[in-house]
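Comments concern the structure below.
Numbering (my numbering), first residue to last: 881 to 966.
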């Protein structure tokens with residue numbers, strides 16, 4: 881699925897700096913800042929919880945939640961990070 885120009889957000893709905901182009905999205909690890917690339921195509925790295933994209937810096941796994949009707953893309957860490965926004 882083409883995700884170019886989709887709004888990219890974290891699991892809490894906060895817009896993040898990311899580069900979505902074609903079927904790919906590049907973003908920085910929420911924990912250590914290492915670059916990560918995930919692919920929105922079925923069964924590819926980061927496409928869902930069963931095929932996470934792993935950070936090569938700290939090992940945190942991420943998966944995509946694509947919402948094509950809204951042109952939005954959520955990036956979820958797996959397991960979820962604790963909510964620290966009080």
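Heads up, the beta-carbon is just placed ideally off N, CA and C, and yes, glycines get one too.
Among the options, the one whose alpha carbon lies nearest that of residue i
| i | options | result |
| --- | --- | --- |
| residue 919 | 940, 895, 948, 901 | 901 |
| residue 917 | 933, 896, 948 | 933 |
| residue 938 | 915, 884, 893, 929 | 915 |
| residue 927 | 884, 949, 903 | 903 |
Neighbourhood of residue i by C-beta, 8 Å cutoff - its chain only, sequence neighbours within 5 removed
| i | result |
| --- | --- |
| residue 931 | 923, 924, 925, 943 |
| residue 895 | 887, 888, 889 |
| residue 893 | 954 |
Close beta carbons around residue i, own chain, < 6 Å, minus the five adjacent residues each side
| i | result |
| --- | --- |
| residue 898 | 888, 905, 907 |
| residue 965 | Caution is warranted here: a pLDDT of 49 is assigned to residue 965, below 50, making its placement in the model unreliable, and the coordinate value is therefore given only provisionally. Once the five neighbours on either side are set aside, residue 965 has no close Cβ partner at all. |
Inter-residue Cα distance where the pair is residue i and residue j
| i | j | result |
| --- | --- | --- |
| residue 913 | residue 940 | 11 Å |
| residue 957 | residue 891 | 8 Å |
| residue 954 | residue 936 | 20 Å |
7 Å CB neighbourhood of residue i in its chain, flanking five on each side removed
| i | result |
| --- | --- |
| residue 959 | none |
| residue 929 | 943, 958 |
| residue 946 | 881, 883, 920, 953 |
| residue 948 | 881 |
Whole-Å CB distance - residue i paired with residue j, under 8 Å assumed
| i | j | result |
| --- | --- | --- |
| residue 910 | residue 961 | 7 Å |
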